[in-house]
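Numbered according to the working numbering, the sequence shown spans residues 113 to 826.
Worksheet for the structure shown next.
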Amino acid sequence: MTPGSEAEQGPLVLERVEKEPPRGWRSAASSRLRKHCSCTSQKAKSQILGFVPILKWLPRYQLREWLLGDAMSGLIVGILLVPQSIAYSLLASQDPIYGLYTSFFSSIIYAIFGTSRHISAGIFGVLCLLVGQVVDRELALAGYLPEGGGGGGNGSALLPAGLGNGTAAVVCDKSCYAITVGATVTFTAGVYQVLMGIFQVGFVSVYLSDSLLSGFATGASLTIFTSQVKYLLGLKLPRPQGWFVLFKTWRSLFVNLGNTNVCDLVTSLVCLAVLIPVKELNNRFKAKLKAPIPFELFVVIIATLASHFGNFNTDFGSDVSGVIPTGFLPPQLPMWSLIPNVAVDAFSIAIVGFAITVSLSEMFAKKHGYAVDANQEMYAIGLCNILPSFFRCFVSSAALTKTLVKESTGCQTQVSGLISALVLLLVLLVIAPLFYSLQKCVLAVIILVNLRGALQKFLHVPAMWRVNRVDASIWLITMATSALVNTELGLLVGVLVSALCVLGRTQQARVLELGRAPTREHYEDASSYRGLRTHPDVAVFGFGAPIYYANQSMFRKSLYKRVGLDPVKEKTRLVKFKKSKPQQREQVGGVPNEKSGEAEVAGKKHEEVEAAGSVTLVLGREPRLFRSLVIDCSAVLFLDTAGVIALKEVRKDYAELGVTVVLAQCSASVLDSLERGGFYPVNGGENQIVFFTIADAVHHVRSLGAPNGGHCSE
Numbered sequence: 113m114t115p116g117s118e119a120e121q122g123p124l125v126l127e128r129v130e131k132e133p134p135r136g137w138r139s140a141a142s143s144r145l146r147k148h149c150s151c152t153s154q155k156a157k158s159q160i161l162g163f164v165p166i167l168k169w170l171p172r173y174q175l176r177e178w179l180l181g182d183a184m185s186g187l188i189v190g191i192l193l194v195p196q197s198i199a200y201s202l203l204a205s206q207d208p209i210y211g212l213y214t215s216f217f218s219s220i221i222y223a224i225f226g227t228s229r230h231i232s233a234g235i236f237g238v239l240c241l242l243v244g245q246v247v248d249r250e251l252a253l254a255g256y257l258p259e260g261g262g263g264g265g266n267g268s269a270l271l272p273a274g275l276g277n278g279t280a281a282v283v284c285d286k287s288c289y290a291i292t293v294g295a296t297v298t299f300t301a302g303v304y305q306v307l308m309g310i311f312q313v314g315f316v317s318v319y320l321s322d323s324l325l326s327g328f329a330t331g332a333s334l335t336i337f338t339s340q341v342k343y344l345l346g347l348k349l350p351r352p353q354g355w356f357v358l359f360k361t362w363r364s365l366f367v368n369l370g371n372t373n374v375c376d377l378v379t380s381l382v383c384l385a386v387l388i389p390v391k392e393l394n395n396r397f398k399a400k401l402k403a404p405i406p407f408e409l410f411v412v413i414i415a416t417l418a419s420h421f422g423n424f425n426t427d428f429g430s431d432v433s434g435v436i437p438t439g440f441l442p443p444q445l446p447m448w449s450l451i452p453n454v455a456v457d458a459f460s461i462a463i464v465g466f467a468i469t470v471s472l473s474e475m476f477a478k479k480h481g482y483a484v485d486a487n488q489e490m491y492a493i494g495l496c497n498i499l500p501s502f503f504r505c506f507v508s509s510a511a512l513t514k515t516l517v518k519e520s521t522g523c524q525t526q527v528s529g530l531i532s533a534l535v536l537l538l539v540l541l542v543i544a545p546l547f548y549s550l551q552k553c554v555l556a557v558i559i560l561v562n563l564r565g566a567l568q569k570f571l572h573v574p575a576m577w578r579v580n581r582v583d584a585s586i587w588l589i590t591m592a593t594s595a596l597v598n599t600e601l602g603l604l605v606g607v608l609v610s611a612l613c614v615l616g617r618t619q620q621a622r623v624l625e626l627g628r629a630p631t632r633e634h635y636e637d638a639s640s641y642r643g644l645r646t647h648p649d650v651a652v653f654g655f656g657a658p659i660y661y662a663n664q665s666m667f668r669k670s671l672y673k674r675v676g677l678d679p680v681k682e683k684t685r686l687v688k689f690k691k692s693k694p695q696q697r698e699q700v701g702g703v704p705n706e707k708s709g710e711a712e713v714a715g716k717k718h719e720e721v722e723a724a725g726s727v728t729l730v731l732g733r734e735p736r737l738f739r740s741l742v743i744d745c746s747a748v749l750f751l752d753t754a755g756v757i758a759l760k761e762v763r764k765d766y767a768e769l770g771v772t773v774v775l776a777q778c779s780a781s782v783l784d785s786l787e788r789g790g791f792y793p794v795n796g797g798e799n800q801i802v803f804f805t806i807a808d809a810v811h812h813v814r815s816l817g818a819p820n821g822g823h824c825s826e
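Listed below in structure tokens is the structure:
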């Protein structure tokens, strides 16, 4: 079909679907109350099954097909959890037993309430670091002597501390107060997470990009690495507080380097020399191995035996784990008076824990073809913190390393988490006291070895920069702030930088001239494709971003610059020209004389001249007659009030110069905004026409200036 025959048909006209009139707030509120407060047996059953997913999938459990994989993965992860739970207690400034408690309870609770089949809920290094910073700060404020930062009660002073369990103030040593602070932070973070689930704010996870989370985890890993060096050297140094912890810690290490415990240093070097190569072998041959070999557990057993029979603690002064009791302590309420002190810290911990859990659960759900509920994940991880906090546990979330192991060893359902809990229960009831002589430097080595994955991200920075410089910049800024300034501040800075980058992309959008393809009525960026043709009398331009308050001024400036005609400056020039040379301005029917205009162009090298209802533009180097302007709005996702006003001003300014401005390919939401903003006149007319294609808009504006309403040829 030729362009002329298309124009004869007229523009495409579509009939809008009538929208329901908006209801009053009373009607809307009563409707929501009826929807959420009505109770039927089917709705009650659905709510219960949604809140406790194990009731839904456990009756359909395929025993023969799934049990072997779940048992294998649960057993392997449970074995790995033993040394890691003890080790990561150092980061949280707690005694080793509490790390075992945390992994045990979180494994059971997540299996009941979680929707991901592959997530391993438990201790996560970054959260342990955040908890440890709060614990050390509160210990210092309470007057406990800084001692090694390990949270152990060996030799710590006894101070009165109200534990908030309804009794009077009791004598509480450093270890007791440390876990009280940790449990209070955990309880508060869990409450935040459950509240976020109640208010259905699981969508916030989409605002935490992969580059942001990766940069935050890498920056925190640098802080974790630094915090563990003192254990490798056998130094008892307090953990610095406030900002620039990394620099403060290294300065303290160098100052006290002469006090290094040779026994701890040798043990650390031997363990590193063993664990790093075998970990690399595990990774290299993980495709051939049915399950990763638990070298960490072997190292812990051998090191414990060597320390016990070698009397490392008594003869060489090596710091050991100490007494690890068996069984469970009675539940204890959080310290209510402490909640205001830790409320802000708990909020950032809650956000990080939820973001890590949801991102991992969605990643593995997509890989294995099932769905997870972000809000239910919020409930699950919140309950993993609230309920265990009464049993002296600290914050937990999904853990990447153990989740990868769980998935690679044949995990099918959450039953594997229950089996891991059984392994931990056996340790808690029988085996835990055997780790009395385990050196803390060995635990630090286990932590450092498990940081390899996060620290290796530095090797990927050049590739990240080549793929996307914006994402790479977010990663670098978040990582640097988390590591060098403050861990919690790094997360906040990362979120702000991500938001500014999104905002900046809308600010960087520019107006582009569009050209028509030679063989069909299709328009694309004329500067990006060869062979596109522009109309001599109609200019077609597009804008690739929403038009709103933050970029509406930039949109107009970019449009005027790209078109080559600034109507505001042109009107000012004409006014000055009329005042300065009235004798040279001969009016012919209200239109400036073309000759006088030419003289002005020759004198001042103007880019446009108004003549006979048209404007001659210099676009590039070739002047062309300019009568109409078509703005492609297909990429304009939304308009606010400022955006509608900007479009109205563009149309008004150009109309005063005799240039017709029309919009094409507006989405339904943009059309609604234009109608509400009064862009289309109520009394109808030419400006009332809606163009669904650029071709329709071009044919229409060209027909307006053609003789007898016919179609202009190119």
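Just so you know, even glycine gets a beta-carbon here, dropped at the ideal spot from N, CA and C.
Original post:
Roughly how many angstroms separate the alpha carbons of V650 and R814, rounded to a whole number?
Top reply: Cα to Cα, V650 sits roughly 7 Å from R814.
Subject >> Chain-order list of residues whose beta-carbon lies under 8 Å from that of F547 (same chain, five-residue window excluded) >> reply: These residues qualify, in order along the chain: I198, P208, V412, T416, S433, I436.
Original post:
Is there contact between the region 528–542 and the region 337–345, where contact requires at least three CB pairs shorter than 8 Å?
Top reply: With the cut-off at 8 Å, the region 528–542 and the region 337–345 do not touch.
**OP:** Check whether the Cβ of P500 lies closer than 9 Å to any Cβ atom in chain B.
**Re:** Considering every chain present, this structure includes no chain B. It has just one protein chain.
**OP:** Go ahead and pull the three-state DSSP assignment for L320.
**Re:** Of the three classes helix, strand and coil, the one that applies to L320 here is coil, per DSSP.
**OP:** Select from T438, M308, L377 the residue whose C-alpha is nearest the C-alpha of L212.
**Re:** Taking the Cα of L212 as reference, the smallest distance to any Cα among T438, M308, L377 is reached at T438.
Subject >> Length-filtered (4 minimum) alpha helix (DSSP H) runs lying within the region 619–677 >> reply: The region 619–677 contains these whole alpha helix (DSSP H) runs: 664–675.
Subject >> Beta-carbon spacing of L358, L345 below 9 Å >> reply: Result no, Cβ atoms of L358 and L345 do not sit closer than 9 Å.
Subject >> Host alpha helix (DSSP H) of A595 (start-end) >> reply: Element bounds for A595: n/a, residue is neither H nor E.
Subject >> Beta bridge counterpart(s) of T772 as assigned by DSSP >> reply: Answer by DSSP bridge pairing, in chain order: S740.
Subject >> Residue range of the unbroken alpha helix (DSSP H) whose run includes S785 >> reply: Note, S785: alpha helix (DSSP H), 780–788.
**OP:** List the endpoints of the continuous alpha helix (DSSP H) containing I414.
**Re:** Where I414 is concerned, the enclosing alpha helix (DSSP H) starts and stops at 407–422.
**OP:** Flag this pair as touching only if the region 512–524 and the region 299–310 have three or more C-beta atom pairs under 8 Å; answer yes or no.
**Re:** Contact between the region 512–524 and the region 299–310 is absent, with fewer than three C-beta pairs closer than 8 Å.
Original post:
From this set, S430, I743, P679, K673, which residue's C-alpha is nearest L555's C-alpha?
Top reply: Of the residues S430, I743, P679, K673, the one whose Cα lies closest to the Cα of L555 is S430.
**OP:** Decide if I160 is buried, meaning its Cβ has at least 16 other Cβ atoms within 10 Å, or exposed.
**Re:** The residue in question, I160, is exposed, as its Cβ has fewer than 16 Cβ neighbours within 10 Å.
**OP:** Using only alpha-carbon positions, find the residue among H230, I220, S585, F506 that is nearest to L534.
**Re:** It is I220 whose Cα lies nearest to the Cα of L534.
Original post:
At which residue ranges does the region 172–256 contain complete alpha helix (DSSP H) runs of 4 or more residues, listed in the order of the chain?
Top reply: Correct list: 175–203, 208–225, 237–254.
Subject >> Span of the alpha helix (DSSP H), counted from its first residue to its last, around E519 >> reply: In the DSSP assignment, E519 falls within the alpha helix (DSSP H) that extends over 512–520.
**OP:** Output the distance between the C-alpha atoms of G262 and G237, rounded to the nearest integer angstrom.
**Re:** Caution applies to G262, whose pLDDT of 41 falls short of 50 and renders its modelled position unreliable; the model cannot decide the point.
Original post:
Do S740 and V762 have their C-beta atoms within less than 9 Å of each other?
Top reply: In this structure, V762 does not lie closer than 9 Å to S740 by Cβ.
Subject >> Nearest to L170 (by Cα), restricted to the options Q206, G565, T525 >> reply: Looking from the CA of L170, the closest CA among Q206, G565, T525 belongs to T525.
Subject >> Same chain only: Cβ atoms within 7 Å of L512, ignoring 5 sequence neighbours per side >> reply: Cβ within range, chain order: L472.
Original post:
For the putative contact between Q444 and F502, defined by C-beta atoms under 8 Å, what is the C-beta separation to the nearest angstrom?
Top reply: Indeed they touch by this definition, with Cβ atoms about 6 Å apart.
**OP:** Just the C-alpha distance for F421 and A458, rounded to the nearest angstrom, thanks.
**Re:** Just so you know, the alpha carbons of F421 and A458 end up roughly 42 Å apart.
**OP:** Would you check if the distance between the CB atom of I806 and the CB atom of E633 is smaller than 9 Å?
**Re:** In this structure, I806 sits near E633, with a CB-CB distance shorter than 9 Å.
**OP:** Ignore the nearest five residues each way along the sequence and tell me which others in V623's own chain have a CB closer than 6 Å to its CB.
**Re:** Within the same chain, and ignoring the five residues on either side of V623 in sequence, the residues whose Cβ sits closer than 6 Å to its Cβ are F653, F655, S670, L671, R674.
Subject >> Segment contact flag, the region 596–603 with the region 573–585, C-beta cutoff 8 Å, min 3 pairs >> reply: Taking a cut-off of 8 Å for Cβ pairs, the region 596–603 and the region 573–585 do not touch, as fewer than three such pairs fall below it.
Subject >> Range of the contiguous alpha helix (DSSP H) that encloses L393 >> reply: First-last of the alpha helix (DSSP H) with L393: 374–396.
**OP:** For F440, collect the residues of the same chain with a Cβ closer than 8 Å to its Cβ; drop the 5 residues on either side in sequence, then sort them by chain order.
**Re:** Y213, F503, L540.
Subject >> Span separating the alpha-carbon of T300 from that of D784 >> reply: Straight through space, the alpha carbons of D784 and T300 are spaced by roughly 44 Å.
Original post:
How many angstroms separate the CA atom of N277 from the CA atom of W448?
Top reply: Any reading at N277 must be qualified, since the residue scores a pLDDT of 42, below 50, and its modelled position is unreliable; the value itself is stated next. If you draw a straight line from the Cα of N277 to the Cα of W448, it is about 9 Å long.
Original post:
Do L334 and M591 have their C-beta atoms within less than 9 Å of each other?
Top reply: The answer is yes: Cβ separation under 9 Å.
**OP:** Measure the CB-CB distance between S326 and S610 and report whether it falls below 9 Å.
**Re:** Between S326 and S610, the gap from beta carbon to beta carbon reaches 9 Å or more.
**OP:** Specify the secondary structure class of L751 as computed by DSSP and reduced to three states.
**Re:** L751: strand per DSSP, three-state reduction.
Original post:
Start and end of the alpha helix (DSSP H) containing H480?
Top reply: Here the alpha helix (DSSP H) through H480 covers 451–480.
Original post:
If you follow the alpha helix (DSSP H) that M308 is part of, which residue opens it and which one closes it?
Top reply: Counting along the chain, the alpha helix (DSSP H) containing M308 begins and ends at 286–310.
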